[in-house]
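One structure below.
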Amino acid sequence: MFRSLLDRLYGLCGVLACISLLAIGVIIGAQIVGRLMGILIPSSDDFASYAMGASTFLGLAYTFRANGHIRVNLFTQKLSPSSRRPAEIFVLTLGAAILGYFTWYNIGMAYTSYDFDEVSIGLLPIPLWIPQAVMAFGTLLMTISMLDELIALLSGRETTYSRVHEDVMQAE
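Each residue of the sequence shown is one higher than the one before, starting from -6 at the first, in my numbering.
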């Protein structure tokens, strides 16, 4: 139940990241056409930037679960299976701790922006807490996915990234 809920949430965020990338293309295309016609699209650079942030942070957990992030396997491949597990536990713990701090900071930043009614400087005053909240949610979900992998490793279950890595190796 909880596993399928997380997997659906990761997938939904992956779709939202993809939609954000499409939005960037539409915004830039509209800017190009608008310039040719002498029309200025207000705050289009701001919206493209927010969409870029959303695509990055919403895609983090999905990409991690799909083994799409760059992993340095050169080191872990040389380790024996008995040494590899502690190294992976260390890396996942360190990564989750760093992401947890980043998440905490992002939530605080979004709350402060909301509390002080901070808005963007562009032609359209956009409340800054909105893109900051998306960033905070993306880092929170990435933290959860890393903790999820750490718990799987500690409980003796196979991690998603090792399962995907084995599938890739078999395909080659």
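Backbone N, C-alpha and C define an ideal beta-carbon position, used for all residues, glycine too. Please read all numbers here as calculations on a predicted model, not as lab measurements.
With 16 other Cβ atoms within 10 Å as the buried cut-off, status of residue i
i, result
"Glu151", "exposed"
"Pro35", "exposed"
"Phe(-5)", "exposed"
"Ala247", "Absent from the structure is residue 247, since the part of the chain shown begins at -6 and ends at 165."
"Gln125", "buried"
"Ala80", "exposed"
"Tyr166", "Absent from the structure is residue 166, since the part of the chain shown begins at -6 and ends at 165."
"Met135", "buried"
"Met162", "With a pLDDT of 49 at Met162, under the threshold of 50, the modelled position of this residue cannot be trusted, and the question is left open."
"Phe130", "buried"
For residue j and residue i, believed in contact at Cβ under 8 Å, the rounded distance
i, j, result
"Trp122", "Tyr107", "4 Å"
Residue closest to residue i, alpha-carbon to alpha-carbon, out of the options
i, options, result
"Ile82", "Leu14, Phe(-5), Ala129 and Ser148", "Ser148"
"Gly4", "Ala16, Phe57, Tyr94 and Ser42", "Phe57"
"Met128", "Ser13, Leu(-1), Ser(-3) and Asp0", "Ser13"
"Asp0", "Phe50, Ala59 and Ala47", "Ala59"
"Ile119", "Asp38, Arg78 and Tyr154", "Asp38"
"Ile114", "Ala10, Phe40, Ile32 and Arg28", "Phe40"
"Ala47", "Leu15, Ser73 and Ser76", "Leu15"
"Leu85", "Leu146, His62 and Gly61", "Leu146"
"Phe50", "Arg28, Ser138 and Thr153", "Ser138"
"Leu140", "Gly88, Leu116, Asp110 and Leu2", "Gly88"
Reduced DSSP category for residue i - H, G, I as helix; E, B as strand; rest coil
i, result
"Pro120", "strand"
- Query: Taking three-plus beta-carbon pairs below 8 Å as touching, is the stretch 17 to 25 in contact with the stretch 91 to 105?
  - Reply: The stretch 17 to 25 and the stretch 91 to 105 do not touch, with fewer than 3 CB-CB distances between them shorter than 8 Å.
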